[in-house]
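This report refers to the structure that appears directly beneath it.
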Amino acid sequence: MVPIARKRHEPVVAAPPAADETAHDTRTLGLDMLALVALFLVIVTYHLQNPILLYDVQFGSAFRNATLQPVLAVALLGATLLLAGDFKTQRTHSVRLAAVVVLLLYSLYMILAVVFDFNIAGALMGIDQALFLERLPDDVIRAPLESHLTITALFEFLAILAVLMLWQPGTRFAVYGRAVRMNASPLIVAVVVLVLLESVINLFQVQEFLLPRPSVIAATFGEIYPRLVSVGWNTFQNAFWGFVIGCGAGVLTGMLAARFTGFSRALLPLAIGINAVPIIALAPIMNNWFGAINPASKIAIVAVLTYFPAMISTVRGLNAVDHLSLELMKSYAASQWDIFWKVRLPSALPFIFSALKVATTLSMIGAIVSEYFGGTGNGLGFSIRNDAAFFKNAEAWSGIVIASLFGIGFYGVVSAAERALMHWHVSFREK
Amino acid sequence: MANVISIKSLNKTFRGSDGAQVQALEDINLEIERGEFISLIGPSGCGKSTLLRMIADLIEPSSGSLTVNGKPAAQARKDRDYGFVFQSPTLYDWRTIIKNVELPLEIMKYSKDERERRASDMLRLVELSDFHHKYPWQLSGGMQQRVSIARALAFQPNILLMDEPFGALDEMTRERMNNELLRIWTAIPDMTVVFVTHSIAEAVYLSDRVVVLSPRPGRLAEIIDVPLPRPRGPETRDLDEYFHLTSRVRHSLRGGTLEMQKVKVID
Chain A
0 MVPIARKRHE PVVAAPPAAD ETAHDTRTLG LDMLALVALF LVIVTYHLQN
50 PILLYDVQFG SAFRNATLQP VLAVALLGAT LLLAGDFKTQ RTHSVRLAAV
100 VVLLLYSLYM ILAVVFDFNI AGALMGIDQA LFLERLPDDV IRAPLESHLT
150 ITALFEFLAI LAVLMLWQPG TRFAVYGRAV RMNASPLIVA VVVLVLLESV
200 INLFQVQEFL LPRPSVIAAT FGEIYPRLVS VGWNTFQNAF WGFVIGCGAG
250 VLTGMLAARF TGFSRALLPL AIGINAVPII ALAPIMNNWF GAINPASKIA
300 IVAVLTYFPA MISTVRGLNA VDHLSLELMK SYAASQWDIF WKVRLPSALP
350 FIFSALKVAT TLSMIGAIVS EYFGGTGNGL GFSIRNDAAF FKNAEAWSGI
400 VIASLFGIGF YGVVSAAERA LMHWHVSFRE K
Chain B
0 MANVISIKSL NKTFRGSDGA QVQALEDINL EIERGEFISL IGPSGCGKST
50 LLRMIADLIE PSSGSLTVNG KPAAQARKDR DYGFVFQSPT LYDWRTIIKN
100 VELPLEIMKY SKDERERRAS DMLRLVELSD FHHKYPWQLS GGMQQRVSIA
150 RALAFQPNIL LMDEPFGALD EMTRERMNNE LLRIWTAIPD MTVVFVTHSI
200 AEAVYLSDRV VVLSPRPGRL AEIIDVPLPR PRGPETRDLD EYFHLTSRVR
250 HSLRGGTLEM QKVKVID
């Protein structure tokens, strides 16, 4: 009797804590992504705040684009705040609190230096602020700027340490193990495809101007990426604003259409009809309306392109509410406003976000292709078209690579927003 | 004693998908007293859920009169006189458990402190105090239904309308939930419960009176008093009187026609 009883008893006592740890480990790669982005931004902004790095170092010059710089500095502050996250738990832990403070100071320093053109470290060292703003003339004495670089490098290392402190990658091997298990097959497929491509092109001696080998594209990309990041950013801005206008209008009119069914019945056929037009055919006309050089002509294309999916998904989502949920609200004699905010909108979010995610890629397509029809010449579409026209195929392919990197980044940001707003949704629950 | 719910010659006809009129309920007369526990039982499609939904003013009767707390049903709904528990818990996935219970209180514009106080009181009543910040999908079906009961009671209505609330639960859980419900009903003085079920055992175990509806069109077949002693517990199910009453309800249900028609009426 006794041994049996003990046998039965033991696992009950011993097993649950261990099982709990693995079963309830709901951590995902979110923190790791955030930490990597923060590290990247710490290093990039370090390059932005000193003209030696900004103009003489290839990596720094990639982010020289005047409209890109402030975005990176503000993004660093955003990443810092997200890492600081639950401030209550940080406060109980003095090392983590110190890390948060260091990161905050570093981001504020960067915002002052990059956005407001005021370099505090430079001012303390008695360096003329004007030196930080322009490419250094050849005759200037570089020594003070170089010692400024050394001193701020210390600050940068502290900030990197702070990110590592808040990240603690050493404690997250379980997460990585799971992530690798889940994503191993697509990674393997990607590597195999690249290797196959490389060897097939070698084997059949395909001319380089027809299809460059992946390794050649990678090498070219490594050389010209500073230019590509800058033109890619110019194009991305068109995509972004078109996305904001198109999806914003789509979601708003979708809400109206769902609220007033008569309105939706009148509007939907028209919207479907307009959507059937290959939107890109409108590009030359948009150029006439807004002027080819005006970014509005590109933004308009993207806005028209992204409007329809956002609108139709919003209508569908708002009407896809569970019948009982609505009866419940009726039993409370809830106002239309309450029903909209507390039931319809939350249950429409999955629909709206899937439309927004589709719209991110649509917007990059629209912004790039619209540049094929003329423009200022500082965009990615223009760059790809030109490179291809002069048979600089490796360059053109590098442009395509950067286009997809921007697209993936945009998609990633929208997905992160979705995850933050819809953490409750069935698709994000841990299996 | 004043009647909480008063139903006089109530009729309901639905228009079927082929345009034909379908009589769901015919000439229902029912008086429900304050503090009573009443069960509505009948075969599928007899209109028992329809009757409950008309009391809740979720649908309108075709003719006849229906007053709740002495007012027309629509006014009672607007005054939030009743709480409704659906067949499925109907919790909102994007709200934590406590936020789900607070939902009606938010709509009724209670202050934040008051909302939190009442919601945690209610969660204590249904013995789910440890689950405030969990999400609905992290709870079992029985727990979810308890949350929906807590939500229905959060604003202290004096009528609780329940539409086959335990229909989806297994037999063991259902019996436990029945005891929970009786405990809650006893804890709140003068609360009237109208309970729709298709389980004879459940109806007899819980109720003061069992209202038996005949198959479509639903008519009142019989109203059976259940004089079983209270408080009731597992031992109640062993009483001779309990067996006697369940078989009486069963016979009464057979009194109509034996065939169970499949119909498209909401049930």
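Protein chains in written order, with numbering that gives the first Met the number 0: chain A, 0 to 430; chain B, 0 to 266. Idealized CB from N, CA, C, for every residue including glycine.
| Check | Outcome |
| --- | --- |
| Nearest chain A C-beta to B:A167 closer than 8 Å, yes or no? | no |
| On the three-state DSSP scale, how would you describe B:N2? | strand |
| Provide the residue span of the alpha helix (DSSP H) that contains A:S334, from first to last. | No alpha helix (DSSP H) contains A:S334, which DSSP labels as neither H nor E. |
| Report the neighbours of B:T49 on chain A: residues whose CB is nearer than 8 Å to its CB, in chain order. | Neighbours of B:T49 on chain A: none; closest Cβ ~13 Å, over 8 Å. |
| Looking at chain B, is there any beta carbon in it that lies within less than 8 Å of the beta carbon of A:W423? | yes |
| Please compile the residues from chain B whose C-beta is within a distance smaller than 9 Å of the C-beta of A:E326. | R52, A55, L57, F83, F85, T89 |
| Checking 8 Å against the spacing of the C-beta atoms, do A:S397 and A:L255 come in under that value? | no |
| According to DSSP, is B:S198 helix, strand or coil? | coil |
| Determine the extent of the beta strand (DSSP E) in which B:G82 is found, giving its start and end residues. | 81 to 84 |
| Would you identify the three-state DSSP class for A:K356, choosing helix, strand or coil? | helix |
| Can you pull the DSSP bridge partners for B:N178? | Partner(s): none; B:N178 has no beta bridge. |
| Does the Cβ of A:A358 have 16 or more other Cβ atoms within 10 Å, making it buried, or fewer, making it exposed? | buried |
| What does the Cβ neighbour count give for B:F36, buried or exposed, with the cut at 16 atoms within 10 Å? | buried |
| Does A:S330 come within less than 8 Å of chain B when only Cβ atoms are used? | yes |
| Rounded to the nearest angstrom, how far is the Cβ of A:G373 from that of A:G241, given a contact under 8 Å? | That pair is no contact at about 17 Å. |
| Just to confirm the assignment, what range does the alpha helix (DSSP H) spanning A:F389 have? | No alpha helix (DSSP H) holds A:F389; DSSP gives it neither H nor E. |
| For A:E326 and B:R215, what's the separation of their Cα atoms in angstroms? | 24 Å |
| Under 8 Å Cβ to Cβ from A:G380, same chain only, skipping five residues before and after it: list those, please. | T234, A366, I367, V368, S369, E370, Y371, G374 |
| Quick one: which unbroken alpha helix (DSSP H) runs of 4-plus residues sit fully inside the segment 97 to 128 of chain B? Chain order, please. | 111 to 124 |
| Could you compute how far the alpha carbon of B:Y204 sits from the alpha carbon of A:T91? | 54 Å |
| Given a cut-off of 8 Å on the beta-carbon distance, is the pair A:L96 and A:Q89 in contact? | yes |
| Using a Cβ-Cβ cut-off of less than 7 Å, list which residues of the segment 346 to 359 of chain A approach chain D; keep chain order. | Among the protein chains in the structure shown, which are A and B, there is no chain D. |
| Quick check: does the Cβ of B:R114 come within less than 7 Å of any heavy atom belonging to the ligand FMN? | This structure does not include the ligand FMN; it has no bound ligands of any sort. |
| Count the other C-beta atoms from every protein chain shown that fall within 10 angstroms of the C-beta of B:P164, then say buried if there are 16 or more, exposed otherwise. | buried |
| With three or more C-beta pairs closer than 8 Å as the rule, is the segment 15 to 24 of chain B touching the segment 185 to 194 of chain B? | no |
| Do the CB positions of B:K7 and B:V195 come within less than 8 Å of each other? | no |
| Does the beta carbon of A:A22 come closer than 8 Å to any beta carbon on chain B? | The pLDDT assigned to A:A22 is 42, lower than 50, so where the model puts this residue is not dependable, and the model offers no usable value. |
| Shorter than 8 Å from the beta carbon of A:P391 to some beta carbon of chain B? | It is worth fixing the name first, because residue 391 of chain A is Lys in this sequence and not Pro. Chain B, which has no Cβ nearer than 8 Å to the Cβ of A:K391, makes this no. |
| How big is the Cα-Cα spacing for B:D207 and A:W423? | 41 Å |
| Within 10 angstroms of its Cβ, does A:V139 collect 16 or more other Cβ (buried), or is it exposed? | exposed |
| For the segment 53 to 80 of chain B, which segments carrying the beta strand (DSSP E) assignment without a break, of at least 3 residues, lie completely within its bounds, in sequence order? | 62 to 67 |
| In the DSSP assignment, what residue or residues form a beta bridge with A:N201? | None; A:N201 has no bridge partner. |
| Could you have a look at A:A65 and say whether DSSP puts it in helix, strand or coil? | coil |
| Which whole-angstrom value describes the C-beta separation of B:H131 and B:S119, a residue pair presumed to lie in contact below a C-beta threshold of 8 Å? | 7 Å |
| Report the three-state DSSP secondary structure of B:M161 (helix, strand or coil). | strand |
| Buried or exposed for B:M121, going by 16 or more other Cβ atoms inside 10 Å? | buried |
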